[in-house]
Amino acid sequence: MSRFDSLRSQLEACGQSHVSCHIDQLGTDAAEALMRRIESLPLAELPSLIQQFVLTPPACTGGDLQPAQCVSVDSRRVCESVSLVDESSLRLRGESMLVEGKVAAFTVAGGQGTRLGWAGPKGTFPASAVTGKPLFRLFAEQIMAAQQKWGRTIRWYILTSEINDAQTRAFFLDNRCFGLDRRQIMMFPQGVMPAFDMKTGQILFESQGELAMSPNGHGGSFAALLSSGAIDQMEGRGVEAISYFQVDNPLAPVLDPVFLGLHADESLSSGEFTSKMVSKTDPGEKVGVFGSMNGRLGVVEYSDLSTEQAQSVDDSGRLRFAAGNVAMHIMSTDFARRVATAGQDDLPWHRAVKKVSCIDPQTGDRHVPDEPNAVKVERFVFDAMGIATQPAILEVSRSAEFAPIKNATGPDSAESSKQMQSDLYGSWLEQAGVSVPRRDDGGVDGAIEISPLTAMSASDLEHVELPSELTRSGNFTC
Ligand code: UTP
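Residues 1 to 478 in this note's numbering are what the sequence shown lists, from first letter to last.
(1) Just mark Asn373 as buried or exposed, buried being the case when its beta carbon has 16 or more other beta carbons within 10 Å.
(2) In whole angstroms, what is the alpha-carbon distance linking Trp428 and Leu461?
(3) Have a look at Ala264 and Gly271 and give me their C-alpha separation to the nearest angstrom.
(4) Inspect the beta-carbon positions of Ile23 and Phe196 and report whether they are closer than 8 angstroms.
(5) May I ask which residues mark the beginning and end of the beta strand (DSSP E) holding Val300?
(6) Of the choices Thr307, Cys21, Val247, Asp282, whose alpha-carbon is the least far from that of Trp156?
(7) Once the 5 residues before and after Ser468 are set aside, which same chain residues still bring their CB inside 7 angstroms of it?
(8) DSSP beta-bridge partners for Met193?
(9) Would you kindly check if the distance between the Cβ of Asn216 and the Cβ of Met187 is under 8 angstroms?
(10) If we count the other Cβ atoms within 10 Å of its Cβ and call it buried at 16 or more, is Gly317 buried or exposed?
(11) So for Gln202, helix, strand or coil by DSSP?
(12) Is there contact between the stretch 301 to 311 and the stretch 231 to 241, where contact requires at least three CB pairs shorter than 8 angstroms?
(13) Is the number of C-beta pairs between the stretch 271 to 286 and the stretch 353 to 371 that are closer than 8 angstroms three or more?
(14) Considering only the alpha carbon of each residue, which of Pro452, Pro42, Asp383, Ser473 lies closest to Gln419?
(15) Decide yes or no for the touch test of the stretch 347 to 362 against the stretch 398 to 405: beta carbon pairs closer than 8 angstroms, at least 3 of them.
(16) Residue range of the alpha helix (DSSP H) that Trp150 falls in?
(17) Count the other C-beta atoms from every protein chain shown that fall within 10 angstroms of the C-beta of Met385, then say buried if there are 16 or more, exposed otherwise.
(18) Indicate whether the contact test is met: 3 or more Cβ pairs, each with one atom in the stretch 87 to 95 and one in the stretch 333 to 342, closer than 8 angstroms.
(19) Figure out for me which residue from Gln147, Ser161, Ala127, Ile158 has the closest Cα to the Cα of Gly179.
(20) Who are the Cβ neighbours of Asp413 in its own chain at under 6 angstroms, not counting the five residues just before and after it?
(21) Between which two residues does the beta strand (DSSP E) containing Met277 stretch?
(22) With DSSP collapsed to three states, give me the class of Thr56.
(23) Please tell me whether, using a cut-off of 7 angstroms, the distance from the CB of Arg115 to the nearest non-hydrogen atom of the ligand UTP is below it.
(24) Could you check how far apart the C-beta atoms of Phe245 and Val339 are, in whole angstroms? I think they sit under 8 angstroms.
(25) Taking the alpha carbon of Thr131 as the point to measure from, which residue in Gly15, Met456, Ser459, Ile448 has its own alpha carbon closest?
(26) Closer than 8 angstroms by C-beta to Arg439: which residues in its own chain qualify, once you throw out the five before and the five after it? Chain order, please.
(27) So what does DSSP say about Arg237, is it helix, strand or coil?
(28) Helix, strand or coil: how does DSSP classify Val85 here?
(29) Does the count of Cβ pairs from the stretch 203 to 215 and the stretch 15 to 31 closer than 8 angstroms reach three?
(30) The ligand COA and Asp383: does the residue's C-beta get closer than 7 angstroms to at least one heavy atom of that ligand?
(31) Using a Cβ-Cβ cutoff of less than 7 angstroms, which residues in the same chain neighbour Gly209 once the five nearest sequence positions on both sides are dropped?
(32) Taking three-plus beta-carbon pairs below 8 angstroms as touching, is the stretch 225 to 233 in contact with the stretch 376 to 394?
(33) Should Val489 be counted as a contact of the ligand UTP given a C-beta to heavy atom distance under 7 angstroms?
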């Protein structure tokens with residue numbers, strides 16, 4: 001049987017025969033590219049995946065949910081579901097991991113960033129409040145500062161996708177890797193999945209020779225870490241812990257000793273998969289929360305919480321389901337390998353209903369939908385916590401660590417993030433004795449930026465020459 005005939009019969013068997021019926025109308029190169037794309041699809045798995053995740057609306061998962069047990073280093077945060085842990089011993093433990101070179105940074109930057117609408121990889125977006133440094137530069141500066149502090153080269157792994165990999169690489173080269181050694185950075189693309197017609201489950205075409213593909217979610221990290229050779233490389237260099245964060249949070253601490261110490265503390269964690277959370281500000285906040293379902297920890301989407309669950313409070317008046325996921329995790333290299341090999345099928349697919357412009361491959365007619373017409377499927381990294389034996393969750397301060405840039409305007413936009421960055425750095429300056437102007441709502445009046453190379457925390461400002469006060473509505477950077 002020829003290669004084409006074999007593909008055609010496989011497509012027929014999985015109910016996708018339309019994908020091959022016009023291949024003979026394509027030029028040789030386009031036909032070859034399409035055949036290669038088809039061969040890369042998990043064809044045998046498609047029928048059940050489509051039945052379960054594309055054609056069937058998901059069942060609500062929040063039913064028998066219990067609050068997740070978390071820990072904090074701040075006694076003011078202690079409540080029914082948050083217990084106190086000792087900061088200094090965790091910090092010491094994490095610092096020794098850094099000094100011993102056991103930690104690598106891992107940024108997931110393979111998303112499409114459709115809500116932000118920036119013409120380029122999200123990591124190239126100008127994010128800092130005064131000088132507009134791109135997100136990638138801010139993380140590079142953190143890595144540089146950590147190298148100076150711990151005296152070790154810190155390896156940086158970056159997940160891209162086939163859509164933004166070349167642009168991301170070019171951006172790093174154009175910027176001379178922001179002063180880092182090119183050899184300490186490894187980029188690798190994640191997998192992709194086709195978009196499906198939401199009524200029929202048929203794979204959609206972007207153009208006559210191309211399927212409509214998109215990245216397979218940040219849960220694709222595990223497979224990509226393994227297939228790229230990143231895990232082998234880490235293990236070869238003595239890296240035991242991977243510090244995972246998203247590209248769109250300029251305040252994400254790339255390497256946090258306390259968090260690392262918690263991950264490594266056998267009495268608190270199995271050292272497989274450890275997460276951070278911030279308390280939800282109000283019941284309606286659109287953030288997934290950590291919770292336990294049938295004894296298994298996971299993250300429940302805000303839309304899956306009933307109003308009653310979202311609003312329920314404990315004896316101290318705190319929201320019971322308050323542990324908001326901020327997408328910062330530490331995973332051991334062993335665990336990442338295990339999930340990528342044996343556990344991948346335990347990571348469920350999640351469906352996202354989208355508008356996808358597509359063509360009829362036979363006629364070439366384009367359909368630009370007004371209403372959602374397609375389902376994209378993604379895996380989520382946090383589903384791996386259900387595979388770990390004893391995942392630990394650390395509560396951290398939202399104002400210190402979380403200022404995401406997701407949207408072009410409004411909440412979680414560049415504007416709101418820059419205000420949060422200025423508010424944080426303003427509070428550091430105040431702790432150092434600088435008078436910082438504030439508005440009636442308490443926010444800093446002006447834009448403030450402190451490079452990670454100058455200070456990684458308020459106490460690092462002790463030896464920095466600072467003005468006694470800042471001018472109202474002005475800019476300050478150091
Ligand atoms: P989001 O869920 O915010 O998605 O990703 P996005 O693609 O960036 O933006 P929208 O939804 O299209 O507007 C959260 C983080 O996970 C990464 C993103 O790059 C971002 O850092 N991510 C997301 C991946 O690396 N791969 C994916 O397939 C999806």
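Beta carbons are placed, not taken as given, at the ideal position from N, Cα and C, and that holds for glycine. Predicted, not measured: the structure shown is a model, and the values here were computed from it.
According to the data block:
(1) buried
(2) 8 angstroms
(3) 5 angstroms
(4) no
(5) 296 to 300
(6) Val247
(7) Val434, Ser435
(8) Ser214
(9) no
(10) exposed
(11) coil
(12) no
(13) no
(14) Ser473
(15) no
(16) 135 to 150
(17) buried
(18) no
(19) Gln147
(20) It is Ser, not Asp, that sits at residue 413 in the sequence shown. Closer than 6 angstroms at the Cβ level, and outside the excluded window around Ser413, lie Asn407.
(21) 273 to 279
(22) coil
(23) yes
(24) About 18 angstroms separates the two Cβ atoms, so there is no contact after all.
(25) Ile448
(26) Asp445
(27) coil
(28) coil
(29) yes
(30) The ligand COA is not part of this structure, which contains only the ligand UTP.
(31) Leu26, Ala30, Ala33, Leu34
(32) no
(33) Limits of the chain in this structure are 1 at one end and 478 at the other, which puts residue 489 out of reach.
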